[in-house]
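Numbering (the numbering used here), first residue to last: 8 to 219.
From the three backbone atoms N, C-alpha and C, an ideal C-beta is built for every residue, glycine too.
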């Protein structure tokens, strides 16, 4: 279906019962986190005194990742600033990429429509539900969690993706979620801190919440 971290993040945020993302604005934030974490995991970017630094490893070989990498290379900013930057554009790029891979189908709506500008449908809803079930089982279990899945679980919990991590699961597995979030510290301490402060970031963006 998709092996990228940002792809798994997108599908985790997709509510198959509603036939749409749980929230487009919030998903934009989560995707920015996921892309930065993926670039850091691949060694393309690193932390430099709290700012994002491009390394000399070259391209990531993925159009979404390389687009963000180009932007990061052009400016010196903190991890938190990069999370907030171009999140709507990143959401569109991720959807375009997943559509090209026949994972989703995207239909553009007229700009004056009251509904979301884009209508998205996953082409394999059963596969998405299986992916989400696998994530939930890893959260509730006691065994090791795959590296990318650990990031996704930390993000969906911090971002309030309740069709995946319910309030009950968030309370029952708080220690495990804290440990999964801690893995981001190993990638980049500032990125881990930004995830822990995601709730505040989303509240600050409240005026742009919803449809988007």
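Item: Which ranges does the alpha helix (DSSP H) cover as unbroken runs of at least 4 residues, wholly within the stretch 148–184, from first to last along the chain?; Value: 154–165 and 174–179
Item: I'd like to check one pair, residue 139 with residue 170: are the Cβ atoms closer than 9 Å?; Value: yes
Item: Following the continuous beta strand (DSSP E) through residue 54, name the residue where it begins and the one where it ends.; Value: 52–55
Item: Let me check one thing: in DSSP terms, what residues is residue 111 bridge-paired to?; Value: 129
Item: Cα separation between residue 195 and residue 145?; Value: 23 Å
Item: Answer yes if the stretch 42–57 comes into contact with the stretch 18–32, meaning at least three C-beta pairs across the two stretches below 8 Å, and no otherwise.; Value: no
Item: Could you give the residue range of the alpha helix (DSSP H) that holds residue 31?; Value: 31–48
Item: Which residue marks the beginning of the alpha helix (DSSP H) containing residue 91, and which one marks its end?; Value: 86–91
Item: What is the DSSP secondary structure of residue 22, reduced to helix, strand or coil?; Value: strand
Item: Just checking my contact of residue 61 with residue 51 at CB under 8 Å: how many whole Å lie between their CB atoms?; Value: 7 Å
Item: Evaluate residue 230 with the Cβ neighbour count: other Cβ atoms within 10 Å of its Cβ, from every protein chain shown; 16 or more gives buried, anything less gives exposed.; Value: The shown model of the chain, from 8 to 219, leaves out residue 230, and the question about it has no answer.
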